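All letters in the sequence shown, in the order written, are residues 21 to 221 by the working numbering.
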Amino acid sequence: MMQLHAFHELKLVGLTILTVIFVLKIYLAPGDLVGIITAGAGLAAYIAALVIHLSSSSSPRVLWDAKHGAVAIIRSWTVEVASAKILSSVPIGIDLSHSGRKVLQSMYTRFLDKPGGTLVFFITRPIGDQSTRVGYLVRRRGLRLWNSLGQVDNLAKIISADSMILERSMRAAYPHLPVVNASFADIITSTAGGLETHVAV
């Protein structure tokens, strides 16, 4: 999908090595209390430093897959992938809530089959002369583990299927309104703020 600096993975490699050393020390030399305590203290200090570093790290990495219209946000502890569809040319005063139930039902069924997803109905009103953006966003999150890019790719595959189901359900629910892919700015805006309602399973 995109490239990511491997420093996070190197830190986890260091944690794995220290953990293995500690376990081997206990297994191979159970009588060496000083060595075990030293190895345990080193491992604890490394974990504490790693937690402090990750908790105070800089802003999250944001990756954009233009081909599939997906945004990945890699934070200190979590990985998130999102994709969205926009209802373009929405007439003023139209009631979107009734037909929206069809979208919710379709995505509810999808999330029962593939749990862990979140559906967001969003309305964003840009500052200036730009038009109000109305749409739906699907999002999946996971705990950041060893291979961040591998997690992003796995979540992106699931989101791709979510997005296709979302688009079909939106076209069926709103047959007279064009449904288009959301831009990078649309997705970032809807995840960063604005008026949102959530349905998660």
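For every residue, glycine included, the Cβ atom is placed at its ideal position computed from N, Cα and C.
Here the structure is a predicted model, which is why all the values come from computation and not from measurement.
Would residue i pass as a contact of residue j if the rule is Cβ separation under 8 Å?
i    : j    : result
L124 : L139 : yes
I94  : S151 : no
G62  : L38  : yes
I46  : I56  : yes
T211 : A102 : yes
Y66  : L116 : no
I need the straight-line Cα distance from residue i to residue j, nearest angstrom please.
i    : j    : result
P80  : L197 : 35 Å
A176 : L165 : 16 Å
H88  : T129 : 23 Å
I41  : F141 : 49 Å
A68  : S109 : 52 Å
P135 : G51  : 48 Å
S203 : A181 : 18 Å
A59  : D133 : 45 Å
R160 : A64  : 32 Å
By alpha-carbon positions, which one of the options ends up nearest to residue i?
i    : options               : result
I179 : R145, A49, A104       : A104
D85  : G155, R145, D173      : D173
H118 : Y194, L83, I185       : Y194
R121 : A205, R191, P50       : R191
E100 : V40, I185, G137       : G137
T144 : A68, D206, L83, D52   : D206
L186 : S203, V82, F131       : F131
R188 : M127, A49, K134, S203 : M127
Assign residue i to one of two classes, buried (16 or more other C-beta atoms within 10 Å of its C-beta) or exposed (fewer than that).
i    : result
R153 : buried
G170 : exposed
V222 : With the chain covering 21 to 221 only, the question about residue 222 has no answer from this structure.
L53  : exposed
L83  : buried
A49  : exposed
Under the assumption that residue i contacts residue j (Cβ atoms under 8 Å), give the Cβ distance between them as a whole number of angstroms.
i    : j    : result
S183 : V200 : Their Cβ separation, rounded to whole angstroms, is 12 Å, which puts S183 and V200 out of contact at 8 Å.
T98  : G162 : 7 Å
Does the Cβ of residue i lie closer than 7 Å to at least one heavy atom of the ligand FAD?
i    : result
S103 : The model depicted lacks the ligand FAD and carries no ligand whatsoever.
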